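**Q** Chain order of the listed sequences is R and U.
Quick note: the first sequence uses this note's numbering, first residue 4, plus one each step.
Quick note: the second sequence uses this note's numbering, first residue 23, plus one each step.
Ideal Cβ positions, reconstructed from N, Cα and C, are used throughout, including at glycine.
These figures come from a predicted structure and were not determined experimentally.
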Amino acid sequence: MAQTGAIDIICVDCRDPEQYPDDFVNFAFNQIYGPDAWLSWDQADDMFVTNLDHQRVYIDSDFVFFGVGIRGFHLPLWPSNLLRFTLALPSGRIFTALRSIFQTSLPVPTTGTSIADNGDGSGTTGSGGDDGDEDEENDYFDAESDEWEEPEFDDYEGFTTIEDPDEDGNFEEPEWCEEC
Amino acid sequence: MTKKLSIAAVLLAPAAYFIYASSGAPGSMPSEPSQEILKPAFALPLLTKSVRLPETPPAESATEIVLGIPVRKDRDCRVELKDYVTPDGEMFSAYSCTPNKFAAAHRYADYDNETLSSLAYADADAAALLGHRLIDRDTGRSYELLIRASALDGGNIEHLAWLSDQAFGIVAIDGKPQLLNLQRQYELAALATHLGGNPGRAAYLRNELTENGVEESRMNSMHQRVNVLLETMREIQRTVVGAVTIGGRDDA
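(1) Quick one: is U/F64 buried, meaning 16 or more other Cβ sit within 10 Å of its Cβ, or exposed?
(2) Just the chain R side, please: which residues come within less than 9 Å of U/T108 by C-beta, in chain order?
(3) Please determine, among U/L217, U/Q207 and U/A265, the residue with the shortest C-alpha to C-alpha distance to U/M21.
(4) For R/T107, which three-state DSSP category applies?
(5) Between which two residues does the beta strand (DSSP E) containing U/R100 stretch?
(6) Between which two residues does the beta strand (DSSP E) containing R/F67 stretch?
(7) Please identify the residue among U/W184, U/E237 and U/E233 whose C-alpha is closest to the C-alpha of R/G72.
(8) Can you find a CB in chain R that lies within less than 8 Å of the CB of U/G290?
(9) Under the assumption that U/E112 contacts R/H57 (Cβ atoms under 8 Å), give the Cβ distance between them as a whole number of angstroms.
(10) Any C-beta of chain R within less than 9 Å: which residues of the segment 125-153 of chain U qualify?
(11) Give a yes or no on contact between the segment 153-173 of chain U and the segment 88-101 of chain R, applying the rule of three or more CB pairs nearer than 8 Å.
(12) Comparing the C-beta of R/V111 with each C-beta of chain U, is any distance below 8 Å?
(13) Leaving out five residues before and five after R/P82 in sequence, what residues of the same chain have Cβ atoms less than 6 Å from its Cβ?
(14) Work out the CA separation of R/L101 and R/D48 for me, nearest whole Å.
(15) State buried or exposed for U/A47, treating a residue as buried only when at least 16 other CB atoms are found within 10 Å of its CB.
(16) According to DSSP, simplified to helix, strand and coil, what is R/F51?
(17) Please state whether DSSP places U/R223 in a helix, a strand or coil.
(18) Please indicate yes or no: does the CB of U/F124 lie closer than 7 Å to some heavy atom of the ligand MG?
(19) Which residue wins for smallest C-alpha separation from R/F66, given the options R/L55, R/E170 and R/L85?
(20) Who are the neighbours of U/A183 on chain R, taking C-beta pairs under 8 Å?
(21) Do you know how far the Cα of U/V266 is from the Cα of R/V52?
(22) With distances taken from CA atoms, which of R/Y36, R/G70 and R/S43 is nearest U/L224?
(23) Between R/F98 and chain U, is any beta-carbon pair separated by less than 8 Å?
(24) Exposed or buried, what is R/E175 when buried is set at 16 or more other beta-carbons lying within 10 Å of its beta-carbon?
(25) Excluding the 5 residues flanking U/G264 on each side, which residues of the same chain have their C-beta closer than 6 Å to its C-beta?
(26) Return the Cβ separation of U/A173 and U/M255 in integer angstroms, given the expectation that the two are a contact with Cβ distance under 8 Å.
(27) Alpha carbon to alpha carbon, how far is U/A171 from U/S115? Give it in angstroms, no decimals.
(28) Contact defined as beta carbons within less than 8 Å: I believe R/A31 pairs with R/S64. What is the distance between those atoms, to the nearest angstrom?
(29) Tell me the rounded alpha-carbon separation between R/I10 and R/R59.
(30) Kindly indicate if chain U contains any beta-carbon less than 8 Å away from that of R/V60.
(31) Taking R/I13 as the query, report the chain U residues whose CB atoms sit under 8 Å from its CB, ordered along the chain.
(32) Within the 8 Å Cβ cut-off, does R/P93 reach chain U?
(33) Using three-state DSSP, classify U/R228 as helix, strand or coil.
(34) Are the CB atoms of U/S118 and U/K104 nearer to each other than 8 Å?
(35) Could you pull the DSSP bridge partners for U/M113 from this structure?
(36) Could you give the DSSP three-state label for R/C17: helix, strand or coil?
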């Protein structure tokens, strides 16, 4: 990761990078793509993003290609439309995140994905790590489970059903619930 | 023989572009490329359908120097360099680019979750917005809503990409791969491929998974899940819209 020429950019809405690294990823993405983009490509290759608590995160961004590898030499052939962000936190922790190339802004602060402080650096709340020991009622988010459950798609309740009228063309009187 | 020629043609076409681009085309490749990761300047959109294509990387003429740094000419914000004071009383300087105008609010921004939940039955925007709101509190429900939004939106893969990024975006912590997130990303990428998305993304994620020791049986399990999701999306379309317009094969 080169740091030559990396500038410092303020992110007012970014929270603690140890818990919310996605804030910094989304913010960095917005500097490169979307309606708020302003950095040149060379400048966007790496940058520092600092929040108002002066927590300074180094961010390196790369476009990801799928390619073929022959004896250690990789020939990039196919763009994946993904950006890879590598974050170096003040504590020395390194996070790697992927983002799809959109033309829309990503939310900062993010609405999800805080990093659970479980001591070994693994696991993210809401999405889980690769330990598979954190969850919960939903096996769908269990990494180690070979069995998987089909995600549930709830039926919508409370919607109007079609009822036929009686012989006289009248509909049945609805029963009103006093407590409802 | 014909098959071999076809494969060769498929492989050589992007390779030819690669050679062309690396020989001095605008946004050419850096001199020492890392393995499969290159700078954003080398973006080449292929086979994207629902997601809008990435912008063409701006050439040097599309940038200008402002406050000592190169920035895009087509930006819609004001570049500033300000001083800030930390809680400890230290002062530091940092750049920012203040937008010239506020982003328009979502048309359902004032709706509460219950109302959105009702609308989400047939309204892709409502389903997507509620899916965004719930992603930290109820990832499963958010997942369901964004799949639904995609189905109602004619198989728009932007909803899948958003879900993939915001719910499963962290793929490694301190060099340790987050396999669960990679798996979920792969499923959504494979699903997006069925809907006309870029196959390179799924191929890259599949490669990451196999390199990290994910076995074929688990890959098959993921493909099975993709098929179920695809069929679910078709069913949603069939039920709500009355006709299935999203395509795809069942061989993820």
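**A** This is what the structure gives:
(1) Residue 64 of chain U sits at position 42 when you count from the first residue of the second sequence. The predicted model places U/F64 with a pLDDT of 35, which falls under 50 and marks its position as unreliable, so this point remains unresolved.
(2) What you label residue 108 of chain U is simply residue 86 of the second sequence in a count that begins at 1. Near U/T108 (Cβ distances below 9 Å), the residues of chain R are L55, D56 and H57.
(3) The structure shown does not extend to residue 21 of chain U, since chain U spans only 23 to 274, so no value can be given for it.
(4) Translated into positions along the first sequence, residue 107 of chain R becomes position 104. Here R/T107 sits in coil by DSSP.
(5) Mapped onto the second sequence, residue 100 of chain U falls at position 78. Note, U/R100: beta strand (DSSP E), C99 to V107.
(6) Taking the first sequence and counting its residues from 1, one reaches residue 67 of chain R at position 64. According to the sequence as given, residue 67 of chain R is Val; it is not Phe. Element bounds for R/V67: R59 to I73.
(7) Counting from one through the first sequence, the residue named residue 72 of chain R turns up at place 69. Measuring from the Cα of R/G72, the nearest candidate turns out to be U/E233.
(8) Because chain U in this structure spans residues 23 to 274, residue 290 of chain U falls outside the shown range and cannot be described.
(9) Working through the second sequence from its first residue, we reach residue 112 of chain U at position 90. Working through the first sequence from its first residue, we reach residue 57 of chain R at position 54. Going by Cβ atoms, the distance from U/E112 to R/H57 rounds to 7 Å, so yes, they are a contact pair.
(10) A125, S139, S140, A142 and Y143
(11) no
(12) The residue you call residue 111 of chain R lines up with position 108 of the first sequence. By this cut-off, R/V111 is not an interface position.
(13) Taking the first sequence and counting its residues from 1, one reaches residue 82 of chain R at position 79. Only F68 meet the Cβ criterion.
(14) On the first sequence, position 45 is the one that residue 48 of chain R refers to. On the first sequence, position 98 is the one that residue 101 of chain R refers to. C-alpha separation (whole angstroms): 15 Å.
(15) Working through the second sequence from its first residue, we reach residue 47 of chain U at position 25. Any reading at U/A47 must be qualified, since the residue scores a pLDDT of 37, below 50, and its modelled position is unreliable; no value is offered.
(16) Taking the first residue of the first sequence as position 1, residue 51 of chain R is located at position 48. The answer is strand: DSSP assigns R/F51 an E or B state.
(17) Position 201 of the second sequence holds residue 223 of chain U. U/R223 falls in the helix class under three-state DSSP.
(18) The ligand MG is not among the ligands present in this structure, which contains no ligands whatsoever.
(19) Position 63 of the first sequence holds residue 66 of chain R. R/F66 has its Cα closest to that of R/L85, out of R/L55, R/E170 and R/L85.
(20) To locate residue 183 of chain U, count along the second sequence from 1; it is residue 161. The contacting residues are S103 and F105.
(21) Within the first sequence, numbered from 1, the residue matching residue 52 of chain R stands at position 49. Within the second sequence, numbered from 1, the residue matching residue 266 of chain U stands at position 244. When rounded, the distance between both Cα atoms is 45 Å.
(22) On the second sequence, residue 224 of chain U is found 202 positions in, with the first residue counted as 1. For clarity, residue 224 of chain U is Ala in the given sequence; the question names Leu instead. Per the Cα distances, R/G70.
(23) For the purposes of this step, residue 98 of chain R is taken as residue 95 along the first sequence, with counting starting at 1. Cβ-Cβ to chain U under 8 Å: yes for R/F98.
(24) Indexing the first sequence from 1 puts residue 175 of chain R at position 172. Exposed, because fewer than 16 other Cβ atoms sit within 10 Å of the Cβ of R/E175.
(25) Within the second sequence, the letter at position 242 stands for residue 264 of chain U. Counting only Cβ-Cβ distances below 6 Å, and skipping sequence neighbours, we find nothing.
(26) Working through the second sequence from its first residue, we reach residue 173 of chain U at position 151. Working through the second sequence from its first residue, we reach residue 255 of chain U at position 233. About 4 Å separates the two Cβ atoms, so the contact holds.
(27) Position 93 of the second sequence, counted from the start, is the residue given in the question as residue 115 of chain U. Position 149 of the second sequence, counted from the start, is the residue given in the question as residue 171 of chain U. In a straight line, the C-alpha of U/S115 is about 42 Å away from that of U/A171.
(28) In the first sequence, residue 31 of chain R corresponds to position 28, counting from 1. In the first sequence, residue 64 of chain R corresponds to position 61, counting from 1. With a Cβ gap of about 6 Å, R/A31 and R/S64 count as contacting.
(29) For the purposes of this step, residue 10 of chain R is identified with residue 7 of the first sequence, where counting begins at 1. For the purposes of this step, residue 59 of chain R is identified with residue 56 of the first sequence, where counting begins at 1. If you take the alpha carbons of R/I10 and R/R59, they lie about 11 Å apart.
(30) Within the first sequence, the letter at position 57 stands for residue 60 of chain R. It does not; no Cβ of chain U falls within 8 Å.
(31) Locating residue 13 of chain R in the first sequence gives position 10, where the first residue counts as 1. Per Cβ cutoff of 8 Å: K104, Y106, A116, Y117 and S118.
(32) As a position in the first sequence, residue 93 of chain R is number 90, starting the count at 1. By this cut-off, R/P93 is not an interface position.
(33) As a position in the second sequence, residue 228 of chain U is number 206, starting the count at 1. Looking at U/R228 - three-state DSSP - the assignment turns out to be helix.
(34) By one-based count along the second sequence, residue 118 of chain U stands at place 96. By one-based count along the second sequence, residue 104 of chain U stands at place 82. Going by C-beta atoms, U/S118 is nearer than 8 Å to U/K104.
(35) Residue 113 of chain U sits at position 91 when you count from the first residue of the second sequence. For U/M113, which the question treats as bridged, DSSP gives the partners U/V107.
(36) Working through the first sequence from its first residue, we reach residue 17 of chain R at position 14. In the structure shown, R/C17 sits in coil (DSSP, three-state: anything other than H, G, I, E or B).
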